[in-house]
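Working notes, beginning with the structure itself.
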Amino acid sequence: MPQHSPYSNEVLNQVLMLSKIEFYDYVLDFYGPGGIYDMNATLDQVMEATEKHIQTSKFPFDGDTIDRECVREIMINDYGLKWPDLKVAHPIAN
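Each number in this note's numbering corresponds to the 1-based position in the sequence shown with 14 added.
Here's what the structure looks like:
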């Protein structure tokens, strides 16, 4: 028999919204301006790509690395974002 949550739908929705906001920041830390892999992604792009991912994924949204990479692929496909030209200086080559 399914177990019911002691929390109201309103409380659960607020928790999901907070976790989405944290996820947006997480994605922007990677793909936003100045991010680890700066693709110049905007908050609007991240939000729209996240919603698309949640609606189309066969798996629950966890806000983890897999979700982040799926959102990245949506942004590449839908908005034409590109991987940055990563130039890493090798310490021996200097």
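For every residue, glycine included, the Cβ atom is placed at its ideal position computed from N, Cα and C.
Just so it is clear, the structure is predicted and the values come from calculations on it, not from any experiment.
Q: Give a yes or no on whether the C-beta atoms belonging to residue 51 and residue 98 are separated by under 8 Å.
A: yes
Q: Could you check the C-alpha separation between residue 96 and residue 66 for me, to the nearest Å?
A: 19 Å
Q. Relative to the C-alpha of residue 86, which residue among 42, 69, 33 is closest?
A. 42
Q.
Quick check on the DSSP output: the alpha helix (DSSP H) that includes residue 66 runs from which residue to which?
A. 57-70
Q: Count the other C-beta atoms from every protein chain shown that fall within 10 angstroms of the C-beta of residue 64, then say buried if there are 16 or more, exposed otherwise.
A: buried
Q: Going by CA-CA distance only, name the one from 54, 44, 35, 38 that's closest to residue 93.
A: 54
(Q) Does residue 81 pass the burial test, meaning 16 or more other C-beta atoms within 10 Å, or should it be called exposed? (A) buried
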